[in-house]
Structure formats: C-alpha cells, structure tokens
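Okay, structure first, notes after.
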Amino acid sequence: MNKEFIKKIIKAEKYKYEAIKEILPTHLRKRVEEFEKDAFELFKDVAFELMKEDIKEEKSKKAVKKVDVDFSS
C-alpha cells in the first residue's frame, strides 16, 4: 500500500476517535482519558522490561568461559 494513504487513514481514525471523545459526557471523557494514561504507562513499562531482557541476553552472550583441554590421551 502507498505510504501516504496509510498515513492519511491513520490520521482519519485519530480524528474520528477524538471527535467521539468530544461528544462524550464529561465524566466519561475523564474516565477514558485516565484509561488512556494507564494503558500508555503499562505499554511503556512492558517496553522497558523487554529492552532490559534484550540487554541481559546480549551481555550473557558476550561472557567468556574457561575451557580445559586435556591432550594427554
């Protein structure tokens, strides 16, 4: 698909979502905004945890282990 088309579709969906939020009653809009904030925080925490795991894996791959070789056979 065309990149510009995809960008415009995403922008249209964003505007549609914002329009729906605007017509919601105030108390519901506040709850939706709180949910968005919590969801973003959760997403951010998950991303950081995944990054930490990747860094740990990279460090463990770089570890040097001592190997004993017996040539007396």
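In this text, residue positions in the sequence shown follow this note's numbering: the first is 132, and each later residue adds one.
A virtual CB, placed ideally from N, CA and C, is assigned to each residue, including glycine.
Just so it is clear, the structure is predicted and the values come from calculations on it, not from any experiment.
Verify whether the separation of the beta carbon atoms of LYS152 and ARG160 is less than 7 Å.
yes
Under a three-way DSSP split, which group does PHE179 fall into?
helix
Is the beta carbon of ALA150 within less than 6 Å of some heavy atom of the ligand SAH?
This structure does not include the ligand SAH; it has no bound ligands of any sort.
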